[in-house]
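Positions in the sequence shown are counted from 1; adding 3 to them yields the working numbering.
Yeah, the Cβ is synthetic: ideal placement off N, Cα and C, and Gly gets one too.
Worksheet for the structure shown next.
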Amino acid sequence: MSGSIFEKIIQREIPADIVFEDETLIAFRDRSPQAPVHVLFVPKHRYDTLNDVPSTEAELLGTLMLAARNYAQSIGMAEDGYRLVMNCNRNGGQTVYHIHLHLLGGAPLTGGFA
Ligand code: DGP
């Protein structure tokens, strides 16, 4: 399959507002923010959906969550709270087929998130 839009961001082929990066993942602001803070945490190794992640990669999923938690803490958002979301496939509202964790916060979040 051809490169995902997020692989293009990782490769610096298209611009993004990157807030964190290490050898495992990259985090950048969502281009269509659904909250005052809306950052995507994306593993550099691509899996199309959560369904494709083998159980041997449990650590990768934990790493994504902890990176999002750490970022929320670093910007002073953790005490007030935030939401983490990973959409899967059509009914989950997934539009980019390269797994990513949404971090949403900065204001009270009411209702759902799609
Ligand atoms: P999801 O619906 O869970 O697949 O979320 C995909 C998100 O990715 C969506 O909120 C919009 C965001 N997005 C899509 N393309 C780009 C892009 O090129 N740059 C940035 N920064 N965000 C993007």
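Around the beta carbon of Asn-94, fewer than 16 other beta carbons sit within 10 angstroms, so the residue counts as exposed.
Separation of the CB atoms of Val-42 and Val-22 is rounded to 6 Å, and the pair is thereby assigned contact status at 8 Å. Pairing Leu-106 with Ala-61 gives a Cβ-Cβ distance that is not under 8 Å. One Cα belongs to Arg-34, the other to Gly-65, and the distance between them is close to 24 Å. Non-local beta-carbon contacts of Lys-47 in its own chain, meaning distances under 7 Å to residues more than five positions away in sequence, involve Ile-13, Thr-27, Leu-28 and Ile-29 in chain order. Phe-31 has its CB nearer than 7 Å to a heavy atom of the ligand DGP.
With a cutoff of 7 Å, Gln-14 does not count as near the ligand DGP, since its C-beta is closer than that to no heavy atom of the ligand.
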